[in-house]
Amino acid sequence: MSMMGKIRKARHSSRWAMIILALILCISLVVPFVSLPSGGEPSQQQDMEDVLRTRIDSLKTDIQANPENADLIIQLGNAYYDLGRVWYGKGFDQAAASQFAEAVKSYQRALAVVPDNLDVIVNMATAAFFANDKDTAKRAYEKAIALDPKHLIARYNYGVFLLEAMGDSKGAIEQWEAALAAQPDAEAAQGLKELIAAYREKEGNK
1 MSMMGKIRKA
11 RHSSRWAMII
21 LALILCISLV
31 VPFVSLPSGG
41 EPSQQQDMED
51 VLRTRIDSLK
61 TDIQANPENA
71 DLIIQLGNAY
81 YDLGRVWYGK
91 GFDQAAASQF
101 AEAVKSYQRA
111 LAVVPDNLDV
121 IVNMATAAFF
131 ANDKDTAKRA
141 YEKAIALDPK
151 HLIARYNYGV
161 FLLEAMGDSK
171 GAIEQWEAAL
181 AAQPDAEAAQ
191 GLKELIAAYR
201 EKEGNK
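Counting from 1, one number per residue, gives the positions in the sequence shown under my numbering.
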């Protein structure tokens, strides 16, 4: 089963699994090319897919003419990431994973030009997580945190990765506690506190 399939299955048995998935799909640093509401009519999803495919083709052409343009390469990664989200919304988990894998390739190419771009590193880690590329995801999250130990999104997403991909709830809690220590805004802090409390309780019941 793909990572996206595993997470989808978990959504039906855990309120918190639903919450963390909804958050991680949005709490990457990707700036979507199109707005992707959860759910929606099939025709709307198809329209989004068509827009993104056109966007990807256009970016590929631009990159051929400007192969060292990191911004264009990052945009291509973001478009693949968004297409993965669209296909996940349609229930096509394997197809979604393939698009997240393409996003990883684009982010890796961008990092060859801008190696310490923290936003790209975190996005690559999250895309790799969804593509079931655990080694790449782990290395990228750890690199991002080494560059900025107080990076809220890196800490949060790494915690979700440890929980969902590695089955390490204690490690996840440690990452969320580190995110909380970074003093996020009140809403994020409250969400982290509730998440930490919920999984501490689960650990205590084992």
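Think of the CB as a built atom: it goes at the ideal place given N, C-alpha and C, for glycine as much as any other residue.
Item: In whole angstroms, what separates the C-alpha of lysine 193 from that of threonine 61?; Value: 46 Å
Item: Relative to the C-alpha of glutamate 174, which candidate in Arg155, Ala188, Asp185 and Gly191 has its C-alpha closest?; Value: Arg155
Item: Could you give the residue range of the alpha helix (DSSP H) that holds valine 122?; Value: 118-130
Item: Please say whether alanine 97 and tyrosine 81 have beta carbons closer to each other than 8 Å?; Value: no
Item: Over the uninterrupted alpha helix (DSSP H) stretch that includes histidine 92, give me the two end residues.; Value: In the sequence on display, residue 92 carries phenylalanine and not histidine. Careful: phenylalanine 92 lies outside any alpha helix (DSSP H) and carries neither H nor E.
Item: How would you write the range of the alpha helix (DSSP H) that glutamine 190 sits in, first residue to last?; Value: 186-204
Item: Comparing C-alpha positions only, which one of Lys134, Leu147 and Ala182 sits nearest to valine 160?; Value: Lys134
Item: Out of Ala65, Val86, Ala110 and Ala197, state which residue places its alpha-carbon closest to the alpha-carbon of glutamine 75.; Value: Ala110
Item: So, at 6 Å on beta carbons, what are the nonlocal neighbours of alanine 112 in its own chain, with the 5 sequence-adjacent residues on each side left out?; Value: none
Item: What's the gap between the Cα of phenylalanine 130 and the Cα of alanine 189?; Value: 25 Å
Item: Over the uninterrupted alpha helix (DSSP H) stretch that includes lysine 138, give me the two end residues.; Value: 134-147
Item: Which residue marks the beginning of the alpha helix (DSSP H) containing valine 160, and which one marks its end?; Value: 152-164
Item: In angstroms, rounded to a whole number, what distance separates the CA positions of tyrosine 88 and lysine 202?; Value: 28 Å
Item: Kindly indicate which residue of Arg139, Val86 and Glu187 has the alpha-carbon position closest to the one of leucine 52.; Value: Val86
Item: With a threshold of 8 Å on Cβ separation, who are the neighbours of histidine 151 within its own chain once the five nearest residues in sequence on each side are excluded?; Value: Leu118, Val122, Ala144, Ile145 and Ala182
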